[in-house]
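Residue numbers (the working numbering): 25 to 337.
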C-alpha cells in the first residue's frame with residue numbers, strides 16, 4: 025500500500041485512474057479546484073488548489089509526503105515548476121501525464137536540437153532534457169494555451185525534468201477513448217453524424233494515428249506510481265486507426281451506413297473527423313511492451329465502445 029497523490033482525477037480517465045489506485049489498495053489524495061464532484065465518497069482525501077495559481081499547490085501540500093504524485097493537470101512549464109517547488113523531495117516520484125501531441129512537428133517552437141520526428145515516433149526522438157521552456161509566454165491566456173497545447177506540454181515536460189528533486193516518469197498518452205465520461209466527444213462525433221444521416225469528412229489522403237483505451241491508460245499510470253521506471257514512455261494500443269475505422273465501428277454497431285466524403289483541403293469544415301490527419305501521426309509502443317504492458321489492440325476494444333455508445337441513445 026502506498027500514499028498516492030493525484031492532481032486532477034475528477035474527469036474522464038482521471039476518475040478511472042483513481043478507482044484503479046483504490047482497487048489496488050493504495051491510499052489516495054486528490055487535488056482539484058473543488059469545482060467538480062467526484063464519486064469516491066470517503067475513499068479518498070481531498071485537497072483544494074488551482075495548480076495554475078502561484079503558491080496554491082504549495083500551500084495545499086505543505087507538510088504532506090507521498091510515495092508518488094500523478095500530475096494529470098500539468099499543461100505549462102509554469103505548472104511544472106509550481107509542482108516541483110510544492111512537493112520538493114517529499115514525493116517518492118512524479119508521474120507527469122503528457123500527450124502524443126508533443127510529437128506534432130508543425131507546432132515546435134524551438135528546435136534544440138532540431139527534432140527529426142518520424143510518423144510513428146519513438147520516445148528518444150524528443151528529449152525533454154534538451155528542450156527549452158519559457159515561463160514568460162502568455163500561458164495564462166486560455167486561447168493561447170489551447171492554440172499551443174502541444175508546445176505547452178513539451179515545455180511542461182522540460183521544466184519538470186530540469187527542476188524536479190525526485191525521479192520523474194513522463195507518460196506520453198495517445199488519444200484516449202472511453203465508453204463513458206469522454207468529454208472530448210471525438211468518437212461520438214462519428215456516431216452522431218452517422219445516426220443523423222450526415223456526412224463525415226476526411227482528408228483525401230488521410231493518415232492513421234495512435235489511440236488508447238481509457239482503462240489501459242489508467243492501469244499504466246497506477247502501475248507507474250510504484251514502479252521504478254523513469255524517462256518517457258509512449259502509452260498507446262499497439263495498432264493504429266483512422267477515421268474510416270471509427271465509421272466502420274459505428275456502422276457495425278448501428279446497422280447504418282456512413283457517408284464519407286474525401287476532401288483535399290478540409291480544414292475548417294465542421295464535418296471533418298477529429299481523427300482525420302493528412303499524414304500518419306502516432307507513436308511506437310516498443311518501450312511500453314518491454315515494461316510488460318500488452319494493451320488490447322484498437323481493433324479489439326473499439327467495436328465494444330461503439331456498441332456501448334449506440335446503446336446509450
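We put the CB at the ideal spot given by N, CA and C, even for glycine.
Rounded straight-line distance, which links the Cα of residue j to that of residue i
i, j, result
"residue 158", "residue 191", "22 Å"
"residue 54", "residue 255", "24 Å"
"residue 114", "residue 274", "47 Å"
"residue 234", "residue 65", "34 Å"
"residue 52", "residue 33", "10 Å"
"residue 145", "residue 261", "14 Å"
"residue 338", "residue 304", "Any property of residue 338 remains undetermined from this structure, which presents the chain solely from 25 to 337."
"residue 231", "residue 322", "16 Å"
"residue 242", "residue 326", "17 Å"
"residue 168", "residue 109", "25 Å"
"residue 149", "residue 292", "30 Å"
"residue 244", "residue 315", "10 Å"
"residue 163", "residue 282", "40 Å"
"residue 215", "residue 270", "8 Å"
"residue 306", "residue 80", "35 Å"
"residue 156", "residue 36", "30 Å"
"residue 178", "residue 74", "21 Å"
"residue 165", "residue 98", "15 Å"
"residue 204", "residue 211", "11 Å"
"residue 131", "residue 172", "7 Å"
"residue 50", "residue 94", "13 Å"
"residue 61", "residue 72", "12 Å"
"residue 324", "residue 333", "16 Å"
"residue 317", "residue 311", "9 Å"
"residue 160", "residue 336", "45 Å"
"residue 27", "residue 88", "10 Å"
"residue 123", "residue 56", "20 Å"
Three-state secondary structure (DSSP) of residue i
i, result
"residue 37", "helix"
"residue 128", "coil"
"residue 28", "strand"
"residue 300", "coil"
"residue 237", "strand"
"residue 318", "coil"
"residue 338", "Residue numbering for the chain in the displayed model covers 25 to 337; residue 338 lies beyond these limits and cannot be assessed."
"residue 109", "helix"
"residue 102", "helix"
"residue 331", "helix"
"residue 122", "strand"
"residue 51", "strand"
"residue 141", "coil"
"residue 265", "strand"
"residue 89", "coil"
"residue 58", "coil"
Closest by C-alpha distance to residue i, when choosing among the options
i, options, result
"residue 213", "28, 330, 80 and 75", "330"
"residue 185", "199, 121 and 241", "121"
"residue 174", "153, 196 and 297", "196"
"residue 228", "176, 283 and 289", "289"
"residue 259", "250, 193 and 226", "193"
"residue 68", "39, 59 and 86", "39"
"residue 297", "73, 208 and 267", "267"
"residue 199", "263, 253 and 89", "263"
"residue 111", "92, 129 and 124", "92"
"residue 126", "117, 142 and 118", "142"
"residue 201", "56, 28, 328 and 294", "328"
"residue 116", "154, 313, 83 and 251", "251"
"residue 90", "154, 133 and 25", "25"
"residue 29", "118, 287 and 221", "118"
Rounded distance between the beta-carbons of residue j and residue i, thought under 8 Å
i, j, result
"residue 103", "residue 76", "6 Å"
"residue 101", "residue 188", "Going by Cβ atoms, the distance from residue 101 to residue 188 rounds to 12 Å, so no, they are not a contact pair."
"residue 240", "residue 319", "4 Å"
"residue 42", "residue 147", "With 8 Å as the limit, residue 42 and residue 147 do not qualify as a contact, their Cβ atoms being about 26 Å apart."
"residue 48", "residue 265", "Not confirmed; about 29 Å, so no contact."
"residue 225", "residue 285", "5 Å"
"residue 295", "residue 223", "6 Å"
"residue 249", "residue 45", "7 Å"
9 Å Cβ cutoff, residue i in contact with chain B
i, result
"residue 248", "Judged by its chain identifiers, the structure shown contains no chain B, having just a single protein chain."
Buried versus exposed call for residue i [16 or more other C-beta atoms within 10 Å across all chains shown]
i, result
"residue 176", "buried"
"residue 152", "buried"
"residue 31", "buried"
"residue 86", "exposed"
"residue 96", "buried"
"residue 107", "buried"
"residue 182", "buried"
"residue 277", "buried"
"residue 309", "buried"
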